[in-house]
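Protein chains: 2
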Amino acid sequence: MDQVFKALSDGTRREMIERLTRGPASVGELAQPLSMSLPAVMQHLQVLEACGLVRSEKAGRVRTCHLEPDGLRLAEDWLGGQRTGWEHRLDRLGDFLNFDEGKRS
Amino acid sequence: MDQVFKALSDGTRREMIERLTRGPASVGELAQPLSMSLPAVMQHLQVLEACGLVRSEKAGRVRTCHLEPDGLRLAEDWLGGQRTGWEHRLDRLGDFLNFDEGKRS
DNA sequence: TCCATAGTTAAGCATGTGCCTAACCAACGG
DNA sequence: CCGTTGGTTAGGCACATGCTTAACTATGGA
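In structure tokens form, the structure reads like this:
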């Protein structure tokens with residue numbers, strides 16, 4: 000969980016993810032629009048793989064990377080959980096305010 | 000965006016958010032379950048406020064913090080956008096494979 | 001076989017992050 | 001007033017992060 004959000008907290012890595020939503024890509028293809036050395040891209044890729052957001056296989060001398068959408072869903076679920084939990088609380092806010100009023104009067 | 004995910008990438012800050020989904024809290028209340036000095040909690044709080052996930056007002060000598068759920072929704076929307084974009088691509092995957100087969104034969 | 005391509009490893013550096021302690025300020029409460 | 005409570009500021013330390021360059025490996029083609 001920590002790792003997923005930490006991975007997403009970097010703009011470069013989010014760009015890589017966006018690229019991968021449009022289909023698989025080699026390491027070089029990922030690096031091309033990034034104005035950054037290849038080793039740097041590799042490191043980002045390792046971060047993305049380590050937390051399960053991306054998978055990659057090497058065939059010959061080219062490594063092909065693709066998205067692992069369950070990883071994204073993990074983060075999305077946490078956020079949704081918090082938000083709906085909060086909304087739930089809002090639903091009870093009326094009751095709470097009534098109780099407060101009751102105490103005061 | 001960067002800042003939101005960076006804020007969420009820390010377990011302590013996520014705990015603080017979870018706490019705040021259950022209602023507003025003072026700085027001390029936020030710090031209580033966290034086995035960490037008060038200044039440290041303050042810094043986390045500043046991070047959460049800087050990226051719009053939390054708001055706080057000071058009344059007398061106690062600062063009361065509450066969630067700003069639009070911030071969470073921002074992150075959630077990005078994730079959802081990526082995921083649905085990917086699913087969209089999957090919808091077209093059949094066509095792509097057919098095209099590939101066509102090329103090969 | 002030899003060179004170019006695609007990727008990988010290693011080492012190092014600058015900056016950022018998370019935490020601490022110590023000192024400080026500001027509102028109550030008596 | 002004066003101490004206590006709740007918060008804030010300042011400074012510093014240890015470690016993590018993002019990037020670099022240089023050197024290396026391994027595959028594929030002429």
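Residue numbers (numbering that gives the first Met the number 0), protein chains in the order written: chain A, 0 to 104; chain B, 0 to 104. Where a beta carbon is used, it is the ideal one built from N, C-alpha and C, also for glycine.
Near V40(B), which residues of its chain fall below 7 Å by C-beta distance, leaving aside the five closest residues on each side in sequence?
Taking the second sequence and counting its residues from 1, one reaches residue 40(B) at position 41. Taken in chain order, the residues that qualify are V26, L29, A30 and L33.
L37(B): buried (16+ other C-beta within 10 angstroms of its C-beta) or exposed?
Mapped onto the second sequence, residue 37(B) falls at position 38. Exposed is the call here.
Does the Cβ of W77(B) lie closer than 8 Å to at least one heavy atom of the ligand SAM?
With respect to the ligand SAM, the structure offers nothing, as it holds no ligand at all.
Within 10 Å of its beta-carbon, does K102(A) have 16 or more other beta-carbons around it, so buried, or fewer, so exposed?
Working through the first sequence from its first residue, we reach residue 102(A) at position 103. Because K102(A) carries a pLDDT of 44, less than 50, the predicted location of this residue cannot be relied on, and the following value inherits that uncertainty. Exposed, because fewer than 16 other Cβ atoms sit within 10 Å of the Cβ of K102(A).
As a quick exercise: from G10(A), C50(A) and R54(A), pick the residue whose alpha carbon is nearest that of M35(A).
Counted from its first residue, the first sequence places residue 35(A) at position 36. The residue with the shortest Cα to Cα distance from M35(A) is G10(A).
Counting only runs of 3+ residues fully inside the region 54-91 of chain A, write out the beta strand (DSSP E) ranges in chain order.
61-66
Check each candidate in F4(B), R21(B) and D1(B) and name the one with the smallest Cα separation from H87(A).
What you label residue 87(A) is simply residue 88 of the first sequence in a count that begins at 1. Checking every option, the nearest Cα to that of H87(A) belongs to R21(B).
In chain order, what residues of the region 51-71 of chain A put their CB closer than 9 Å to some CB of chain B?
L66, P68 and L71
If we ignore side chains and look at the alpha-carbon of each, how far apart do R13(A) and V53(A) end up?
Residue mapping note: residue 13(A) aligns to position 14 of the first sequence, counting from 1. Residue mapping note: residue 53(A) aligns to position 54 of the first sequence, counting from 1. Approximately 12 Å between the Cα atoms of the pair.
Could you name the residues of the region 75-91 of chain A whose beta carbon sits closer than 7 Å to any beta carbon of chain B, in the order they occur along the chain?
E75, L78, G79, Q81, R82, G84, W85 and R88
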